[in-house]
């Protein structure tokens, strides 16, 4: 049953299931989300580390101020699973809304389909034998940490932080300082469920703000991480013996934004492949480092589009000879301060360049953060970063783009011409 609270455009409604019979899609939604029936509603029993998340100060902040939208009626009546083909060919298909379950948890759903909520086991099946390489800013770091923790533990971390005795992999401050975060997260990842896992962290960073600023300006900060997991032979359904490799490199805006981007691509598609072979998929974004960059920080600067185009062009050039490597441009999530106008412009410029490119596909996480802002849902921990739940939604969208409905890897077919040209030719 959906209770409409008011008719005003910005008024929010809460989705409440009171038994499957009251919603024809109840069972399908339940199945898609990995939820189980409990006292007439739905509670998450498998996807997350179990704790009383309603005691989290971040969850209380959301509940105190907001409510969530209901799923669109047409999805309740006829929900369709998201597929890689749909999410890759229609950028608007990933726009959507958040809704709330009766136990107070939140999920994002695209307007066009229902996301398949893969279990840790299913994600391991899909990613077996693959290498995902994340290149990006600190938001991308926390998304990487969320994904590798999910693969290691076979469930997502506590979605709202504040879990007693379990500091979040996406909130470094819960570990006390950067050194403890680097060391502690490595140790947790190594304690993998039904698998052998290890993470190398070539990381250095100061905990003193003044020193951090000086090191940043001097380009001495480094964070280069690589996670490797091999499923246990005792768990045949996880495809034992096949390695899952997930890596992350943080790129900065020095000496310039576009040079940092070029460096990240060269590191991924030339240097890293010499050691481990080319990655299956490169997921790249460096959006929040645009602010303060000498080549991008003026919104009217015509050089900006040239700088962004050079990053897209470099990716096309480097990947042209790698038949099994795909490039995803991850859109820049929303900021809630005076940097947002610049981020929005840079995001639009880069998406336009990526859509016209030969080898890039747009991975639209911005739609998730835009939905939260539009609905008044405060999922932020500061002006840029999010609670773990949002990185989980980013990764659910990513897994839906990379994994077929039978949990096999989606083989993206390369062909000449831009994405737009290929779409036009396929519809002719």
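Residue numbers (mature numbering (1 follows the signal peptide of the UniProt record, and there is no 0)): -25 to -1, 1 to 403.
All residues carry an ideal CB built from backbone N, CA and C; glycine is no exception.
Leaving aside the five residues before and after residue i along the sequence, list all residues of the same chain whose C-beta is less than 7 angstroms from its C-beta, in chain order.
i: residue 153; result: 147, 180, 182
i: residue 367; result: 121, 131, 134
i: residue 149; result: 136, 142, 143
i: residue 236; result: 226, 261, 286
i: residue 138; result: 24, 26
i: residue 355; result: 311, 361
Among the residues of its own chain, which have a CB less than 6 angstroms from the CB of residue i, if the five just before and after it don't count?
i: residue 127; result: 164, 167, 172
i: residue 178; result: 157, 198
i: residue 201; result: 175, 222
i: residue 93; result: 374
i: residue 301; result: 256, 387
i: residue 33; result: 135, 136, 362
i: residue 343; result: 83, 368
i: residue 4; result: Since pLDDT at residue 4 reaches only 45, below the 50 mark, its modelled position is unreliable, and no value is offered.
i: residue 70; result: 86, 342
i: residue 145; result: 117, 120, 121, 363, 366
i: residue 196; result: 180, 190
When the Cα atoms are used, what is the spatial distance from residue i to residue j?
i: residue 36; j: residue 353; result: 7 angstroms
i: residue 348; j: residue 311; result: 9 angstroms
i: residue 331; j: residue 30; result: 47 angstroms
i: residue 9; j: residue 193; result: Confidence at residue 9 is low in this model, with a pLDDT of 43, below 50, so its placement is unreliable and no value can be given for it.
i: residue 248; j: residue 284; result: 24 angstroms
i: residue 97; j: residue 383; result: 9 angstroms
i: residue 296; j: residue 325; result: 23 angstroms
i: residue 22; j: residue 95; result: 8 angstroms
i: residue 82; j: residue 334; result: 31 angstroms
i: residue 351; j: residue 160; result: 32 angstroms
i: residue 315; j: residue 365; result: 18 angstroms
i: residue 79; j: residue 288; result: 45 angstroms
i: residue 293; j: residue 258; result: 14 angstroms
i: residue 209; j: residue 189; result: 50 angstroms
i: residue 212; j: residue 385; result: 19 angstroms
i: residue 359; j: residue 254; result: 28 angstroms
i: residue 151; j: residue 243; result: 31 angstroms
i: residue 290; j: residue 39; result: 45 angstroms
i: residue 140; j: residue 279; result: 45 angstroms
i: residue 241; j: residue 28; result: 42 angstroms
i: residue 318; j: residue 155; result: 31 angstroms
i: residue 336; j: residue 184; result: 37 angstroms
i: residue 129; j: residue 372; result: 17 angstroms
i: residue 246; j: residue 320; result: 31 angstroms
i: residue -1; j: residue 381; result: In this prediction, residue -1 has a pLDDT of 39, which is less than 50 and means its spatial position is unreliable; nothing more can be read from the coordinates.
Relative to the C-alpha of residue i, which residue among the options is closest?
i: residue 281; options: 315, 233, 73; result: 233
i: residue 338; options: 300, 363, 377; result: 377
i: residue 68; options: 76, 77, 74, 56; result: 56
i: residue 116; options: 227, 27, 342, 321; result: 227
i: residue 63; options: 155, 329, 27; result: 329
i: residue 123; options: 162, 344, 138; result: 162
i: residue 170; options: 216, 155, 184; result: 216
i: residue 114; options: 309, 246, 140; result: 309
i: residue 304; options: 327, 320, 245, 313; result: 327
i: residue 220; options: 317, 28, 191, 250; result: 250
In the DSSP output, what is residue i paired with across the bridge?
i: residue 207; result: According to DSSP, which records beta bridges pairwise, residue 207 is partnered with nothing at all.
i: residue 201; result: 175, 222
i: residue 56; result: 89
i: residue 303; result: 258, 336
i: residue 109; result: 223, 258
i: residue 83; result: 73
i: residue 361; result: 355
i: residue 170; result: 206
i: residue 233; result: Its beta-bridge partners do not exist; DSSP assigns none.
i: residue 378; result: 384
i: residue 238; result: Bridge partners of residue 238: none, in fact.
i: residue 96; result: Answer by DSSP bridge pairing: none, since residue 96 is not bridged.
i: residue 131; result: 23
With a cut-off of 8 angstroms on the beta carbons, I'd call residue i and residue j a contact; round off their distance for me.
i: residue 252; j: residue 110; result: With a Cβ gap of about 17 angstroms, residue 252 and residue 110 do not count as contacting.
i: residue 412; j: residue 231; result: Because the chain here runs from -25 to 403, residue 412 falls outside it and cannot be looked at.
i: residue 125; j: residue 346; result: That pair is no contact at about 22 angstroms.
i: residue 379; j: residue 85; result: In fact, because the Cβ distance is near 17 angstroms, the residues do not count as touching under 8 angstroms.
i: residue 357; j: residue 225; result: Between residue 225 and residue 357 the Cβ distance is about 17 angstroms, and since that is not below 8 angstroms, they are no contact.
i: residue 203; j: residue 218; result: 6 angstroms
i: residue 61; j: residue 87; result: 6 angstroms
i: residue 118; j: residue 299; result: With a Cβ gap of about 23 angstroms, residue 118 and residue 299 do not count as contacting.
Kindly list the residues whose CB is nearer than 8 angstroms to the CB of residue i, restricted to its own chain and excluding five residues on each side of it in sequence; keep chain order.
i: residue 322; result: 262, 306, 307, 341
i: residue 7; result: Low confidence applies here, because residue 7 scores a pLDDT of 47, under 50, leaving its location unreliable and the question unanswered by this model.
i: residue 214; result: 99, 100, 103, 104, 206
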